[in-house]
Each structure stands twice: as structure tokens, then as C-alpha cells.
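Here's the structure we're looking at; comments come further down.
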Amino acid sequence: MPEELEQIGLVDIEVLHHQFDVDSVIRYVHEGIVPIDRTYPLDLYRKYEAQRWNISELDFTQDKDDWMNLTDAERDTFLRVATGFHHGERQVAVDIVPLLMAAPRDEHKMYLTSQLEDETRHTLFFDRFYREVVGLAATDIMDTLDQSYRYMSETFIGSFGYLAYIADQIRRHPDNRKLLASGITNYHLWIEGVLALSVAKITLNFCKSQHKLPGFHKGFLATTRDESRHVVFGMKLLKELIADDPSLQSVVYETVITMLTMGSTYTQIIDYSPLLVERDDVRHIMMNNLRKKLNMVEIPIPQQLDKMISAVQPETAAGG
Numbered sequence: 000m001p002e003e004l005e006q007i008g009l010v011d012i013e014v015l016h017h018q019f020d021v022d023s024v025i026r027y028v029h030e031g032i033v034p035i036d037r038t039y040p041l042d043l044y045r046k047y048e049a050q051r052w053n054i055s056e057l058d059f060t061q062d063k064d065d066w067m068n069l070t071d072a073e074r075d076t077f078l079r080v081a082t083g084f085h086h087g088e089r090q091v092a093v094d095i096v097p098l099l100m101a102a103p104r105d106e107h108k109m110y111l112t113s114q115l116e117d118e119t120r121h122t123l124f125f126d127r128f129y130r131e132v133v134g135l136a137a138t139d140i141m142d143t144l145d146q147s148y149r150y151m152s153e154t155f156i157g158s159f160g161y162l163a164y165i166a167d168q169i170r171r172h173p174d175n176r177k178l179l180a181s182g183i184t185n186y187h188l189w190i191e192g193v194l195a196l197s198v199a200k201i202t203l204n205f206c207k208s209q210h211k212l213p214g215f216h217k218g219f220l221a222t223t224r225d226e227s228r229h230v231v232f233g234m235k236l237l238k239e240l241i242a243d244d245p246s247l248q249s250v251v252y253e254t255v256i257t258m259l260t261m262g263s264t265y266t267q268i269i270d271y272s273p274l275l276v277e278r279d280d281v282r283h284i285m286m287n288n289l290r291k292k293l294n295m296v297e298i299p300i301p302q303q304l305d306k307m308i309s310a311v312q313p314e315t316a317a318g319g
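Residues in the sequence shown are numbered consecutively from 0, following numbering that gives the first Met the number 0.
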């Protein structure tokens, strides 16, 4: 493993914030902790213990000034991109329990308890940012989400709704491996491995290049490192499930096709240029993220699916 990737897994969030960027952390997602094998759930749990961080230690003082000095277009685009992640974190936090109960081994269940805590921390991180920096005068977590919903991407709603549906089905039928494989594909591969990483790359590159919103950058970069554990766990579990039952490979494909289909319908086109990224760049970010996840599961990409991936629009990845 390259020394840079090894260091990403070891440093505290202060060093992570100052010495690394989101591109390095996303590379860590795909390459930094792949070598683990059968013991992966507890290996990832130990990484969780070492990498855990506290929301209360973040300082948003500079972020408040920076936010006021952004242009209206920068603020609007930033919120249209970031809000999907905020709502997604809340969704995965409340829907992870059925997946935890259906996980095949105790080691899987033990690891997923750490992921539940991560998702809660990420939700509260965004809640702090929206209240203290964006200025939403919310009374509680749900009020923050309600107020930010006007920025919510149409293209994300389908995948979040599918997660609520599939989580309920898994709760009712915890021994059904097809449901579990679809849930992991929706949760770990699509929402966390594709949507979340696309949003992270766009917003964090803007913060880093413009030297703005340091509290957000520090917290969201640490969040992205947390996602590395989540994504690797999900891809390893999918690989394990498919090894036990090869028919589940088609479930992964079907779920990804469903996500792409639901995410392809939107009424608003976003101008990403205020965040210094072009539409075609967003497309390629998403296509690369999706292909890399399927490669991590070690399954081929069928021609029909590859055509759908190649035709994807940026709104599917970062909001629309």
C-alpha cells in the first residue's frame, strides 16, 4: 500500500484536514483497506475505534464568515449538492437496524453497530452546520431536515425511498438473502459508494481550493474517511453473499439498474460551475465511482448496465 494511503488511515482529523484532500481519501476508499479478508468485520471495527472523531470539537467560527462572503450562486449550488448527503445520512441511520439484524454472522452485526454510531455522528455534524453556519433556526433534527428539504435533490428521493422500503422488507424477512443483497447494494454500494462520494468530491474540492469553510471541510473529510469503512464492509459482504449463492449477482445488477432508472428523472438542471466543476466532470465522477464499486465486488459489468452507466447525467450523481 502506498505510504500516503496508509497515513490517511492513521492520522487524526486535524492532520487529515490540513495535509490531505478528498481525492486522496476517495482513493483510500477504493485502495486503502482492500487487503483485509475473512476477518474484515472486526478489522473494520478496530479502524472505527482508531478513527472515531467528535462533532463537538469542530469550530465553525470561520465558516460563518466564509458563508456570508460566498455569492448567492455559490451558496445555492452548495446547498443543492450537500443537502442530499445530509438527508441521506439521516435515512441510513434510521434504516440500518434491519440490515444489522439480518447480517449473517455475529462479526457482521458487531461491525454494523459502529456504522450506526457513525451515521448518527454524520447526521449531527450536518445538523450543526445547517444551524450554525447556514443559519436555519431549527427546533430539532427533523425541523432542520424539513427546512433544508427545499434544496433536496429529486434524483436522490427514489434511492432513499427504496432504502426505507427494502429495510422494512428485510425486517419482515430477515433470512431472505435476496432482500439483504438488494439492501446492501442500495445502501453501501449506491448511496454511500456512489452518491455520497460524488457529493463529497464536489463540495470538499471547492472548500480546499478556495480555502473556505474549514470546519465543514474537516468534518466532511473525516466523514468521507468513515465512509471508506462502510463501503468496504458492504462490498466485502456482497462478495461473500454471492460466493455462497451466485444467483445473488443478478440482484446486485437489478438493484443498480433500479437506482439508475429512478435517478434519471428530474425537472431541475443544476449549474455546478459556482463550485468550480463542470457537468461532464460530475458525470465522470459518478461513472468512476460506480464502476469501482462493482470491481470491488469482483463481478463483471453487463453490456446493458454499462450502457446505462455511460449515459448517466450529472443530476443523477449530485442532484437535480
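Virtual Cβ for every residue (Gly too), placed ideally from N, Cα, C.
message = Just to check my reading of the structure: Leu-123 and Ile-54 have Cβ atoms closer than 8 angstroms, yes? What is that Cβ distance to the nearest angstrom?
response = By 1-based counting over the sequence shown, the position of residue 123 is 124. By 1-based counting over the sequence shown, the position of residue 54 is 55. Between Ile-54 and Leu-123 the Cβ distance is about 5 angstroms, and since that is below 8 angstroms, they are a contact.
inquiry  = Quick check on the burial criterion: 16 or more other C-beta atoms within 10 angstroms. Buried or exposed for Glu-118?
reply    = By one-based count along the sequence shown, residue 118 stands at place 119. Result: buried.
Ile-183 - DSSP class collapsed to helix/strand/coil = As a working mapping, residue 183 is identified with position 184 in the sequence shown. Here Ile-183 sits in helix by DSSP.
message = Taking the beta carbon of Gly-319 as the centre, do at least 16 other beta carbons fall within 10 Å, making it buried, or is it exposed?
response = Translated into the one-based positions of the sequence shown, residue 319 becomes position 320. Because the pLDDT at Gly-319 is just 44, under 50, the model does not fix this residue reliably, and the value given afterwards should be weighed accordingly. Buried: at least 16 other Cβ atoms inside 10 Å.
inquiry  = Going residue by residue through the region 15 to 81, where are the continuous alpha helix (DSSP H) segments of at least 4 residues, counting only ones entirely within it?
reply    = 21 to 26, 39 to 50 and 60 to 68
query = How about the region 184 to 200 and the region 78 to 90: do they share at least three Cβ pairs that are nearer than 8 angstroms?
reply = yes
ask   = Looking at Ile-32 and Arg-224, is the spacing between their C-beta atoms short of 8 angstroms?
value = Taking the sequence shown and counting its residues from 1, one reaches residue 224 at position 225. Taking the sequence shown and counting its residues from 1, one reaches residue 32 at position 33. Not closer than 8 angstroms, so no.
query = Do Phe-159 and Gln-267 have their C-beta atoms closer together than 8 angstroms?
reply = Here residue 159 corresponds to residue number 160 of the sequence shown, with the count starting at 1. Here residue 267 corresponds to residue number 268 of the sequence shown, with the count starting at 1. No, these two residues do not count as a Cβ contact at 8 angstroms.
key: Start and end residues, alpha helix (DSSP H) containing Glu-277   = The count along the sequence shown starts at 1 and reaches residue 277 at position 278. Premise fails: Glu-277 is in no alpha helix (DSSP H) and is neither H nor E.
query = Among Val-311, Thr-257 and Ile-183, which residue has its Cα nearest to the Cα of Ile-95?
reply = Position 96 of the sequence shown, counted from the start, is the residue given in the question as residue 95. Ranking Val-311, Thr-257 and Ile-183 by Cα distance to Ile-95 puts Ile-183 first.
task = Sort Glu-297, Ser-272, Lys-46 and Val-296 by Cα distance to Asp-75 and report the nearest one.
result = The residue labelled residue 75 in the question sits at position 76 within the sequence shown. Nearest option by C-alpha distance: Ser-272.
key: Cβ separation of Leu-4 and Tyr-27, assumed to be a contact under 8 angstroms, to the nearest whole Å   = As a first step, residue 4 must be located in the sequence shown, where it is residue number 5. As a first step, residue 27 must be located in the sequence shown, where it is residue number 28. Their Cβ separation, rounded to whole angstroms, is 5 angstroms, which keeps Leu-4 and Tyr-27 in contact under 8 angstroms.
inquiry  = I'd like the list of long-range same chain contacts for Gln-303, defined as Cβ closer than 8 angstroms, with 5 residues on each side in sequence excluded.
reply    = For this step, residue 303 is matched to residue 304 along the sequence shown. Excluding residues within five positions, the ones whose Cβ falls inside 8 angstroms are Ile-256.
Alpha carbon of Met-258 to alpha carbon of Val-311, nearest angstrom = On the sequence shown, residue 258 is found 259 positions in, with the first residue counted as 1. On the sequence shown, residue 311 is found 312 positions in, with the first residue counted as 1. Going from the Cα of Met-258 to the Cα of Val-311 covers about 11 angstroms.
query = What are the boundary residues of the alpha helix (DSSP H) that includes Gly-157?
reply = Position 158 of the sequence shown, counting from 1, holds the residue named residue 157. Start and end: 153 to 171.
task = Give the DSSP-derived three-state secondary structure of Leu-9 in the structure shown.
result = Stepping through the sequence shown from its first residue, residue 9 is reached at position 10. Coil.
query = Would you say Leu-220 and Leu-15 are within 8 angstroms of each other, going by their C-beta atoms?
reply = Counted from its first residue, the sequence shown places residue 220 at position 221. Counted from its first residue, the sequence shown places residue 15 at position 16. Cβ atoms of Leu-220 and Leu-15: closer than 8 angstroms.
CB contact flag (Glu-153, Tyr-39, <8 angstroms) = Here residue 153 refers to the residue found at position 154 when the sequence shown is read from its first residue. Here residue 39 refers to the residue found at position 40 when the sequence shown is read from its first residue. No, Cβ-Cβ distance for Glu-153 and Tyr-39 is not below 8 angstroms.
key: Alpha-carbon spacing of Leu-69 relative to His-210, whole angstroms   = For this step, residue 69 is matched to residue 70 along the sequence shown. For this step, residue 210 is matched to residue 211 along the sequence shown. C-alpha separation (whole angstroms): 12 angstroms.
Backbone secondary structure at Ala-101 - three-state DSSP = Within the sequence shown, numbered from 1, the residue matching residue 101 stands at position 102. Three-state DSSP puts Ala-101 in a helix.
key: Continuous alpha helix (DSSP H) stretch holding Glu-253: start and end   = As a first step, residue 253 must be located in the sequence shown, where it is residue number 254. Where Glu-253 is concerned, the enclosing alpha helix (DSSP H) stretches over 247 to 261.
request  = Pick out whichever of His-229, Thr-260 and His-216 has its Cα sitting closest to the Cα of Cys-206.
outcome  = Position 207 of the sequence shown, counted from the start, is the residue given in the question as residue 206. Ranking His-229, Thr-260 and His-216 by Cα distance to Cys-206 puts His-216 first.
Cutoff 6 angstroms; reference Val-20; Cβ partners in own chain excluding five residues on either side = Position 21 of the sequence shown, counted from the start, is the residue given in the question as residue 20. What sits at residue 20 in the sequence shown is Asp, not Val. Taken in chain order, the residues that qualify are Lys-207.
query = Should Lys-323 be labelled buried (16 or more other beta-carbon atoms within 10 Å of its own) or exposed?
reply = Coverage of the chain is limited to positions 0 through 319, which leaves residue 323 absent and any answer about it impossible.
request  = Just tell me which of Ile-269, Phe-232, Leu-178 and Leu-179 has its CA closest to the CA of Ser-113.
outcome  = Taking the first residue of the sequence shown as 1, we reach residue 113 at position 114. Selected option, being the one with the closest Cα: Phe-232.
task = Could you check how far apart the C-beta atoms of Leu-274 and Val-133 are, in whole angstroms? I think they sit under 8 angstroms.
result = In the sequence shown, residue 274 corresponds to position 275, counting from 1. In the sequence shown, residue 133 corresponds to position 134, counting from 1. So it is not a contact: roughly 16 angstroms between Cβ atoms.
ask   = Which same chain residues, not among the five before or five after Ala-101, have their C-beta less than 7 angstroms away from its C-beta?
value = Taking the sequence shown and counting its residues from 1, the one referred to as residue 101 is at position 102. Only Ile-169, Pro-173 and Leu-179 meet the Cβ criterion.
ask   = Can you list, in chain order, the residues of its chain whose CB lies under 7 angstroms from that of Arg-120, leaving out five sequence neighbours each side?
value = Translated into positions along the sequence shown, residue 120 becomes position 121. Result list for Arg-120: Ile-54, in chain order.
query = Going straight from the alpha carbon of Glu-253 to that of Asp-64, what length do you get?
reply = Here the question's residue 253 lines up with position 254 in the sequence shown. Here the question's residue 64 lines up with position 65 in the sequence shown. The straight-line gap from Cα to Cα measures roughly 46 angstroms.
key: Option nearest Leu-240 by Cα separation, candidates His-107, Arg-228 and His-17   = Counted from its first residue, the sequence shown places residue 240 at position 241. Among His-107, Arg-228 and His-17, the Cα nearest to that of Leu-240 is on His-107.
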